[in-house]
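Below is one structure, written out as structure tokens; the observations come after it.
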Amino acid sequence: MLFIDHLCLSTDDTDLITDLTLQLPPGECLAVVGPNGSGKSTLLRTIAGLRRPDSGKVRVGGIIADDSDPAFRAAVSVELGDDATFAELTVLEHLRLITAAHEIEAAHALEILADSGIGDLADRFPHTLSTGQRQRFTLCAVFIRPGDLIVIDEPESGLDTDGRAWVADRIDRATTAGASVVIATHSPELVTQCADQTVTVGR
Ligand SMILES: Nc1ncnc2c1ncn2[C@@H]1O[C@H](COP(=O)(O)OP(=O)(O)OP(=O)(O)O)[C@@H](O)[C@H]1O
């Protein structure tokens, strides 16, 4: 369960979020929408524990959102477009690192790649993938690991029609399995397909 309590976020000269309070139960998806520069990514970084609130609180269950807390990191799976990969590891080897770290069966790595439509690219290096292929790989890394809360900035980014249908289906499967999911998105279709709650920022 995600709790946001009287949250305020500002840049040096602008209030982005003013007194936001909400609760996102297990099995629900929250969509954060709004124009470019309105504060969607800033809100997601705060939910992911990478930025401190200016005031107010963010919690997952009983744990304050703080990326330096191992208990928080264990509960939250995050994709914020930071694009970190190892040059010498293949796509499959990256996912196997995650399965090993989270003690998941290694076979799930190939399964999720096939599910995402890039099973044939398992032995490629991430830097050789196209933009959409790389986005599918990145999303595989988010969805493969267990987490009470999944946070994804613009999951539709770079994806074709099939890819957008796939990501909507994965979000659906994650919420059906009991996770809470937070997305920032510019896709009205994704909001319609996935969101149980919507927060509009920048208005
Ligand atoms: N590291 C930073 N330092 C200073 N200002 C920042 C920083 N990161 C973001 N901002 C500013 O904060 C505001 C909100 O940015 P944010 O990235 O949260 O917007 P967004 O709604 O996600 O935009 P987009 O739809 O373009 O991704 C913008 O004015 C941006 O310029």
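So the sequence shown is numbered by my numbering: it starts at 58 and just counts up by one.
Ideal placement from N, C-alpha and C gives every residue a C-beta, glycine not left out.
Predicted model, so just to flag it, every value in this text is computed and none were measured.
### Task
List the whole-angstrom C-beta distance separating A241 from S98, where the pair is believed to meet the contact cut-off of C-beta under 8 Å.
Start at 1 with the first residue of the sequence shown, and residue 241 comes out as number 184. Start at 1 with the first residue of the sequence shown, and residue 98 comes out as number 41. About 6 Å; that satisfies the 8 Å criterion.
Q | Inside the segment 60 to 141 only - beta strand (DSSP E) runs reaching at least 3 residues | A | 72 to 81, 86 to 90, 112 to 117, 133 to 136
Review point. Looking at C-beta atoms only, is the number of pairs between the segment 115 to 133 and the segment 200 to 208 that lie closer than 8 Å three or more?
Key: yes
- Item | Status (buried if at least 16 other CB within 10 Å, exposed otherwise) for G94 | As a first step, residue 94 is located in the sequence shown; it is residue number 37 there, counting from the start. By the 10 Å Cβ count, G94 comes out exposed.
Worksheet item: Going by C-alpha distance, which of G91, L186, G215 is nearest L73?
Response: Against the sequence shown, residue 73 aligns to sequence position 16. If you compare the alpha carbons of G91, L186, G215 with that of L73, the shortest gap goes to G91.
Practice item. Leaving out five residues on either side along the sequence, give the residues of the same chain with a beta carbon under 7 Å from the beta carbon of T255. Key: For the purposes of this step, residue 255 is taken as residue 198 along the sequence shown, with counting starting at 1. Within the same chain, T255 has close Cβ partners A88, V90, V248.
Check this for me: beta carbons of A144 and R153, under 8 Å apart or not? Working through the sequence shown from its first residue, we reach residue 144 at position 87. Working through the sequence shown from its first residue, we reach residue 153 at position 96. In terms of Cβ geometry, A144 and R153 do not form a close pair [threshold 8 Å].
Own chain residues within Cβ distance below 8 Å of A225, not counting five before or after
Sequence index remark: in the sequence shown, residue 225 carries index 168 (1-based). Contacts found: E246, L247, Q250, C251.
Practice item. Can you say whether H63 is buried or exposed, counting buried as having 16 or more other CB atoms within 10 angstroms of its CB? Key: As a first step, residue 63 must be located in the sequence shown, where it is residue number 6. So H63 ends up on the exposed side.
Is it the case that the Cβ atoms of A105 and V135 are separated by a distance below 8 Å?
Along the sequence shown, one-based indexing puts residue 105 at 48. Along the sequence shown, one-based indexing puts residue 135 at 78. Yes; because the gap between Cβ atoms is below 8 Å, this pair is in contact.
- Item | Sub-8 Å separation of L57 and L146 beta-carbons | Residue 57 falls outside the range modelled here, since the chain spans only 58 to 260, and no answer is possible.
| said: Considering only the alpha carbon of each residue, which of G84, D70, R102, S112 lies closest to T78? | reply: By one-based count along the sequence shown, residue 78 stands at place 21. T78 has its Cα closest to that of S112, out of G84, D70, R102, S112.
Checklist entry - Excluding sequence positions up to five away, which residues of its chain have a Cβ less than 7 Å from the Cβ of A124? => result For the purposes of this step, residue 124 is taken as residue 67 along the sequence shown, with counting starting at 1. Ala is not the amino acid found at residue 124; the sequence shown has Asp there. Correct list, in chain order: A105, G106, L107, R130.
Per the DSSP calculation, V238 is bridged to which residue(s)? Numbered from 1 along the sequence shown, position 181 holds the residue referred to as residue 238. In the DSSP output, where bridge partners are listed per residue, V238 has C86, I207.
Checklist line | Residue span of the alpha helix (DSSP H) that contains V199, given as start and end | finding: Taking the sequence shown and counting its residues from 1, the one referred to as residue 199 is at position 142. Per DSSP, V199 belongs to the alpha helix (DSSP H) from 188 to 201.
May I ask whether a heavy atom of ligand 1 can be found less than 7 Å away from the beta carbon of K97? Counting from one through the sequence shown, the residue named residue 97 turns up at place 40. At least one heavy atom of ligand 1 is nearer than 7 Å to the Cβ of K97, so yes.
Short check: CB of H184 to CB of E211, under 8 Å?
Residue mapping note: residue 184 aligns to position 127 of the sequence shown, counting from 1. Residue mapping note: residue 211 aligns to position 154 of the sequence shown, counting from 1. Cβ atoms of H184 and E211: not closer than 8 Å.
Open item on the list: Using a 10 Å radius around the Cβ and a threshold of 16 neighbouring Cβ atoms, would you call R230 buried or exposed?
Closed with: On the sequence shown, residue 230 is found 173 positions in, with the first residue counted as 1. Its Cβ having fewer than 16 others within 10 Å, R230 is exposed.
Output the boundary residues of the beta strand (DSSP E) element that contains T257. For the purposes of this step, residue 257 is identified with residue 200 of the sequence shown, where counting begins at 1. Element bounds for T257: 254 to 257.
* Asked: How would you write the range of the alpha helix (DSSP H) that R153 sits in, first residue to last?
  -> Locating residue 153 in the sequence shown gives position 96, where the first residue counts as 1. That run of the alpha helix (DSSP H) goes 148 to 158.
Q. Which residues mark the beginning and the end of the alpha helix (DSSP H) in which G220 is found?
A. One-based indexing of the sequence shown puts residue 220 at position 163. 218 to 233 is the span of the alpha helix (DSSP H), which, as asked, contains G220.
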